[in-house]
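Novice: Please read through the structure below; I'll follow up with questions.
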Amino acid sequence: LGTPEEIVGSPADGYVREFVRDVPREQVMTVRRAMKPGDCAGPTHPGALAPDSVVADAIKVVAGSGRPACVVENGRCLGVVDHERLIDVVAGTELRKEAV
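Structure (structure tokens):
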């Protein structure tokens with residue numbers, strides 16, 4: 036067993052993959068999975084997202100500002116999320132791109 040994010044993001048086999056195929060990934064996957072290294076310093080990033088925020092919330096922030104958003108935990112910048120990474124998570128292509 037695993038968390039909903041683990042099951043949807045990394046299904047154990049074809050049966051599980053088929054079972055979770057229609058799950059809205061943006062409602063289950065978190066920005067931790069979408070973030071990339073980046074600096075949160077400066078005025079170029081809107082607000083701050085917790086790493087356990089769902090991708091749907093991050094999409095609203097990034098789409099509303101047109102800029103990447105910071106992922107912050109306990110006052111520390113963990114990275115940033117941008118529209119490309121968020122779309123990759125929704126489409127399920129984030130792991131394939133990292134493997135290339």
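Numbering (my numbering), first residue to last: 36 to 135. The C-beta atom is built at its ideal place from N, Cα and C for all residues, glycine as well.
Could you give the residue range of the beta strand (DSSP E) that holds Gly49?
Specialist: Run containing Gly49: none in the beta strand (DSSP E); it sits in the alpha helix (DSSP H), Gly49 to Phe54.
Novice: Going by DSSP, what residues sit across from Arg60 in a beta bridge?
Specialist: Answer by DSSP bridge pairing: none, since Arg60 is not bridged.
Novice: With distances taken from CA atoms, which of Asp57, Asp123, Ala76 and Asp117 is nearest Ala98?
Specialist: If we check each option's Cα against that of Ala98, Asp117 comes out closest.
Novice: Which residue or residues does DSSP assign as beta-bridge partners of Cys112?
Specialist: Answer by DSSP bridge pairing, in chain order: Val107.
Novice: Taking Cβ positions, are Val124 and Arg68 nearer each other than 9 Å?
Specialist: Yes, Cβ-Cβ distance for Val124 and Arg68 is below 9 Å.
Novice: Check whether the segment 101-108 and the segment 36-55 touch, using three or more Cβ-Cβ pairs below 8 Å as the test.
Specialist: The segment 101-108 vs the segment 36-55: no contact.
Novice: Tell whether a beta-carbon distance below 9 Å holds between Gly86 and Leu113.
Specialist: It should be pointed out that residue 86 corresponds to Pro in this sequence rather than to Gly. Yes.
Novice: Helix, strand or coil: which one does DSSP assign to Ala76?
Specialist: In this structure, Ala76 counts as coil in the three-state DSSP scheme.
Novice: Starting from Lys95 and walking both ways along the alpha helix (DSSP H), at which residues does that stretch end?
Specialist: Looking at the DSSP string, the run of the alpha helix (DSSP H) that includes Lys95 is Val90 to Ser100.
Novice: Can the beta-carbon of Val89 be found less than 9 Å from the beta-carbon of Thr65?
Specialist: Cβ atoms of Val89 and Thr65: closer than 9 Å.
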